[in-house]
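Enquirer: Numbering (UniProt numbering) for the sequence shown: 1 to 1223. Note that beta-carbon positions come from the ideal geometry of N, C-alpha and C, so glycine has one too.
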Amino acid sequence: MRDITRATYLARHTEHLPATGLLPDGGNDQCLWQISAGNSGKTVVLTVEFYDIEEDGGCEDYLRIEGSTTKATKICGEDFSHPLMTFRDTNFNVSFTSPDDTLRRGFVFSIVLEKPCHTNTSTMLEADVNVQSISSEGYPNHYTWNRQSGNYKCEWHIEARDGSAGILLDLHMDGLSIGTQLNIYDGCDNTGTKLYPTMNATQVTGAERTQVATGNSTFIEFIVESVGGQGFRINYLSVPASDNSQSCSGASDFTLNATDHLQFITSTNFPKLYDGDLTCKWNLIDGFSGRGVFLKLHLYHIECTNDKLVITDADGITTKCSDELITSPENFTSGSFVLDFLSNANVQEHGFVLSYILGPPCNGSEVRLAGNENIKEFTSPLYPENYPSAIPIGSYVCNWLIESSDNVANLLLAIEIKNLTAGDTLEIFQGNVLGTRLYPANGADLTFAPKFEVSPGKSAVLKFSVTSSANSGFIVKYMAQRPVDTTPACSVSNRQLTATSSPAYLTSPNFPDDYLNNQQCTWSIDDGGSYRGVILQLLLYQIQNATNCEEDELVIRKGSTKEEVKRCSDTLVTATENYTDSSFEIYFKTDQTIAKTGFQLRYIIDAPCNDSVIELNSISALKKLISPEYPKYPGALYSGPYTCYFVIAPQYGADGNLMSFNLSGIDAADSIVIYDGRNNSGTVIYPPNRRKRSTGISNQVFVSNSASSAFIQFTVSSPTGSTGFVVDYISHPVTNNTGSCNISVSQLVATSTIQYITSANFPALYPRDQNCNWHISNGNSGIDVLFTLITFQIQENGSACDGDKLNVQQGPSRSPNVRCSDSLVLSPEVFKSSSFDIEFTSDSTTTANEHGFLFSYILNIPCQGGPSVLSADVNLGNFSSPEYPSNYPSTAFIGNYTCNWLIRAKEPGAGILLIVNMEGLNAGDTLLIYSGTNASGTRRYPTTVDLQSNTSASVLHFAPGSLAFVSFTATTTANKGFYITYMAIKPSNTAVSCADNAVLPLIATTTVQYITTPNFPEMYTSGLSCRWTISRGNVNADVILTVIILHTEADVCTNDTLVIKGEGASAINLCSDQVSTTEIEYRYRSYGIEFDTNIDDNNRGFVISYLLGPEQPRYTRSEKIGIAIAASVGPAVLFLVLAIVIIAVCFRRKLDNRKRRPRQRRNVYENGGFMNGHLSGANGHSSFNKQDLHMVKTEQETSPTWVKMFRSPSSSPYTRYERPHSK
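(1) Hey, would you say arginine 557 sits closer than 8 Å to phenylalanine 599, going by beta carbons?
(2) Comparing C-alpha positions only, which one of Asn860, Gly811, Val727 sits nearest to isoleucine 783?
(3) List, from N- to C-terminal side, the beta strand (DSSP E) runs of 3 residues or more that fit wholly inside the segment 780 to 848.
(4) Under the three-state reduction of DSSP, which class applies to alanine 1065: helix, strand or coil?
(5) By the 10 Å Cβ neighbour count, where 16 or more other Cβ atoms means buried, how is isoleucine 619 classified, buried or exposed?
(6) In the DSSP assignment, find the unbroken beta strand (DSSP E) run with threonine 1042 in it and report its ends.
(7) Report the rounded CA-to-CA distance for tyrosine 152 versus lysine 115, giving the unit in angstroms.
(8) Based on Cα-Cα distance, which residue from Tyr857, Leu663, Leu748 lies nearest to valine 785?
(9) So, is glutamine 542 buried or exposed, given that buried needs 16 or more other C-beta atoms within 10 angstroms?
(10) Report all residues from its chain with a CB closer than 6 Å to the CB of proline 733; omit the five preceding and five following residues, and keep chain order.
(11) Enumerate in chain order the residues of its own chain whose CB-to-CB distance from phenylalanine 511 is below 6 Å, with the five nearest sequence positions on each side excluded.
(12) Just how far apart, CA to CA, sit tyrosine 1087 and isoleucine 1030?
(13) Whole angstroms are fine: how far does the CA of tryptophan 400 sit from the CA of serine 681?
(14) Where do the N-terminal and C-terminal ends of the alpha helix (DSSP H) with isoleucine 375 fall, by residue?
(15) I need the straight-line Cα distance from phenylalanine 879 to serine 1025, nearest angstrom please.
(16) Buried or exposed: where does alanine 345 fall if 16 or more other Cβ atoms within 10 Å of its Cβ makes it buried?
(17) Where does proline 488 sit, in a helix, a strand or coil, going by DSSP?
(18) With respect to 7 Å, is the separation between the Cβ of phenylalanine 294 and the closest non-hydrogen atom of the ligand HEM below this value?
(19) Run the CB neighbour count on aspartate 162, radius 10 Å, all protein chains shown included, and call it buried at 16 or more, exposed below.
(20) Mind reading off the beta-carbon distance from arginine 1083 to isoleucine 1045? Whole number of angstroms is fine, and I expect it under 8 Å.
(21) Buried or exposed for glutamate 15, going by 16 or more other Cβ atoms inside 10 Å?
(22) Counting only the same chain and skipping the five closest in sequence on each side, list residues whose C-beta sits under 8 Å from that of valine 293.
(23) Note down, in chain order, each residue of its chain lying with its Cβ closer than 7 Å to the Cβ of valine 1043, except the 5 sequence neighbours on either side.
(24) Is threonine 990 buried or exposed, if buried means 16 or more other CB atoms sit within 10 Å of its CB?
(25) When we look at the beta-carbon of leucine 1175 and count the other beta-carbons within 10 Å, is it buried (16 or more) or exposed?
(26) Distance, Cα to Cα, asparagine 216 vs serine 245?
(27) Spell out a yes or no on whether the segment 219 to 226 and the segment 179 to 196 are touching, meaning 3 or more CB-CB pairs, one atom from each, closer than 8 Å.
(28) Who are the near neighbours of glutamate 1049 in its chain, counting only those whose CB is closer than 8 Å to its CB and skipping five residues on each side?
(29) Looking at the secondary structure, which residues open and close the alpha helix (DSSP H) in which threonine 891 lies?
(30) Note down, in chain order, each residue of its chain lying with its Cβ closer than 6 Å to the Cβ of leucine 32, except the 5 sequence neighbours on either side.
(31) In whole angstroms, what separates the C-alpha of serine 247 from that of leucine 342?
(32) Using a Cβ-Cβ cut-off of 8 Å (strictly less than) and excluding sequence neighbours within five positions of leucine 516, which residues of its own chain qualify?
(33) Using the Cα positions of threonine 973 and phenylalanine 893, report the straight-line distance between them to the nearest angstrom.
(34) CA-CA distance, alanine 72 and histidine 157?
(35) What residues in its chain sit with their C-beta under 6 Å from that of threonine 102, if we drop five residues either side in the sequence?
(36) What does DSSP give as the partner residue(s) for glycine 653 in the beta ladder?
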């Protein structure tokens, strides 16, 4: 095979043209030629110039020509015309056969490559920053010309990209033959300006090197009309235009940031000659990325005598100049560069081209990533753009270490490779780069686009190596899931879950590893009764696929309708699906065959606001409005944007709200707008410019007063939310300060009810030139006044409050406390003293910081010091919660307080009885009762562990022994409270009275004596039968018997009964199932008392007192005679005698009273009877029901006419038997 690269004639037996003439007889000659175009890729032109070959009618001698596309052709005979025939093909097989001895002239054929260029056809080329070249045919060998191909012309059209500075041509001319032309034009064809040879210049035929600068289009033509010459080569490039107006102004350095996209710096006017007298400077930095800058000097042509390019980096200074164009690139790498270019006015050249780009995106060190339940991702560098090529920055390696965030959850990686260039690799290792390689398993480099999943355990390393050109790269999605206990849902029954503001997760069993076969799992998710609804997100799933998910399936049932959504897929689906409803039921079923990765669900409660308006009422105390779930309001990542609306309405009589806003915790993507009024149609208070960000302010004061209320609109669009906002607000009716300002001092008395004083116009600005004075006293109560400066904003005008000021003077000494502040003070300040003198003054100036003040005053804690010590005896005493029967004081203003009482029995051995009437306590307030002297004793009430007292109305009774400690603690608002009745008595000796068939006789005296049930005040026992008789002895007087305490079993007095029978009266049965302190008094000459109990419920029993009443007068003999005479005379005389007797009796009684004044008895209930108890007479006609007041009467026909019953008052300075009584 011979490669044909020149026009050549081949003759028989030779490879070169022989001399013409007859050829000797070859005799059985067989000649073969194999002809090709070599590696030129061009067409071979084979021309038969002439032939003279014996024909003999059958072409025994012949020339045979065959090509790859040319059919075999036999030639014989003779023909001398020129040319005879021409063939074109990429290669030929030529043979000549001559079997006899006949001599003929033979043949001549020529072979040559087809013309290098076709007339009227231009080769289109694009210039860029890379140096490219064109040349004459065969360069650096001679170009060709022959008569077979004839003259030819080659044309090139070079275009630069948009935005280019032009095209630079570097011409290397080795030589042209006479008649051959090389022409270069500026433009698209040869009608443009001719740049080479220059106008009127002769065609260059010798060797030379020169540069030609053109615009963005260049047209080159090469015309060959004579024998070949040495030819030429033209290198060309084009770069983007550079704006050097700043860098070469000489004013300052010009800083450029390298990026991942190639950028260029060129000399002024490039590719044309640069200007003279230039001073240019550039600073190149990596934009603080830490990747450094890769700098490439593509070419330079700088006159060396006076001009230079200076490159300064961390390694030193490099200076470049050359009187010839240098196109061999040089590379530099550094964290930053300083470039200087200097030129003078003498000689200018084409200048230089530099490019710069960020260094490799990875330096081989590991990037640590933490996987959690949220799907995250990372990509190849610059994705979705191509990752950086290793050309020109060099090979690089990126490593990512992915770890479970808590070293408990297992990782799941989903990798999608878009495309990698051959030679670039992505590898995945378990644990670290020394661990098991999970991908690719066989070590092959993948350059296509697969999708696959890997579960590497708790950590993995991904290694990406780039050694070649850029490509589209890859995406890696990763997550880590803590083990989710699916046992209850998959084995026992439906598992109930409640969504909260923190996202929670639900997975298939064994996730992220493959789920188990033969599973049936059910979960129910609700919003916990918040009515906010549930957001459910299906984050990913890979579940064995089948028609209608018949084999394995995930079913989501929504809300009350249970609308179903089924999911299954053989490939991992990571596109999140969102659902919102009041509740969800999740059902997961697998069969006995294929297992996949499974699923991951996230659930969270919906947005905290449902577009309804929340109504708030401001009062005289500072209140707060905070953003939802402060200090971290939910973002819109899951729920989408939401808006909360609030209305702050001032209390009745107040002229608007005083509000302080702290909005510093609001995300920049969220907003808060405040309107004056009840909706968003009012005037905007904040922000003043709706385009202004509504975040970043703190303690900004606003007053809503034109429409009284304030409307707040809070909109959340940020994905994660932020801290939120705090609004302090307050309102109070303006105080009438007519008498206290500029006239006289207002005299005020503190009580247990909170009272307020404000500056004039509060919360609006107070007037100028004010002088207001108040004096607050405790009203001689002996309790301190609690003064609270709730809030104030008073013009400061210097640290000494030289302008406006509020002076709080304490006590008789009037200790001053001066206050002023340009900012609203929101921390209440408390003072305690027996009295206060308050002075407020304002000057003649006005500012926006004059909203004034609000203060309150109230009597301090009602209980102070140690416990109140009380002595208990048979007389009923009482104490109560503070200010009873009014509500006990609230702690809202005076703080929590505790009242303690210590009750001691006077008589040794006496037991105390406490009767607690609970009217009402607030939850959180407590009443505690202990045996002993303090709270370390046995707690008798309440008996629950949490110390919470019974807060509803009730009656309780306790027998704590001879010492009782009672403690009342208030921590909340006011309520009705309680009162406690107490007494102490030593129980009677009932050994005789309660013995079998025994009666204990008792004689009344003028000293009070008592009868009690056994063990009183403890519970009596069952099966008692006790009997007493009480007589008057030899005294002519009635026995006054009083039932003081009664507590027996009720049941219509048929079980445990107390029977009292007065002399000459019917027996009275008494019983009460409540501890009754309603006293009943009887007056008879003597009594029989019986007390019987059964075996059922036992109670406290009774306490009965008895003593002699006033002694009755005895008649004299004269009085008896008068009575007899009156009986023997007529009615008139009888009347007269009766009058005389009455006068005598009255006179005698007066004398008796002077001698001895009888003990007096206090009143009992006017009609007798019990509250909340049962009473009945022996004849059964006086029974009554609970909570009714009834009267107990004696038998009128046998009772003395003067016997009456009275109700004793609740309190009296007299002891029981020293009070006046009525007959």
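Expert: Let me spell this out:
(1) no
(2) Asn860
(3) Whole beta strand (DSSP E) segments, 3+ residues: 785 to 794, 805 to 810, 821 to 825, 829 to 833, 835 to 841.
(4) coil
(5) exposed
(6) 1037 to 1047
(7) 7 Å
(8) Minimum Cα distance to valine 785 is reached at Tyr857.
(9) buried
(10) Gly653, Ala654
(11) Within its own chain, the residues whose Cβ lies closer than 6 Å to the Cβ of phenylalanine 511, once the five positions on either side in sequence are excluded, are Gln481, Gly598, listed in chain order.
(12) 5 Å
(13) If I take the Cα positions, the gap works out to 54 Å.
(14) No alpha helix (DSSP H) holds isoleucine 375; DSSP gives it neither H nor E.
(15) 36 Å
(16) exposed
(17) helix
(18) The ligand HEM is not part of this structure, which contains no ligands at all.
(19) Its Cβ having fewer than 16 others within 10 Å, aspartate 162 is exposed.
(20) Not really, about 20 Å apart at Cβ, beyond 8 Å.
(21) Since pLDDT at glutamate 15 reaches only 33, below the 50 mark, its modelled position is unreliable, and no value is offered.
(22) Ala258, Leu284, Ile285, Asp286, Thr333, Ser334, Gly335, Ser336, Phe337, Tyr356, Ile357, Leu358, Gly359
(23) Leu1070, Glu1079, Ile1080, Phe1102, Ile1104
(24) buried
(25) Only weak support is given to the placement of leucine 1175: the predicted model assigns it a pLDDT of 37, under 50, and the value that follows is read from those uncertain coordinates. Classification of leucine 1175: buried, given that the 10 Å Cβ count is 16 or more.
(26) 22 Å
(27) yes
(28) Asn1055, Asp1056, Cys1071, Asp1073, Thr1093, Asn1094, Asp1096, Asp1097, Asn1098, Asn1099
(29) 891 to 894
(30) Ser95
(31) 12 Å
(32) Pro509, Asn510, Thr590, Ala595
(33) 10 Å
(34) 41 Å
(35) Glu54
(36) Beta-bridge pairing links glycine 653 to no other residue.
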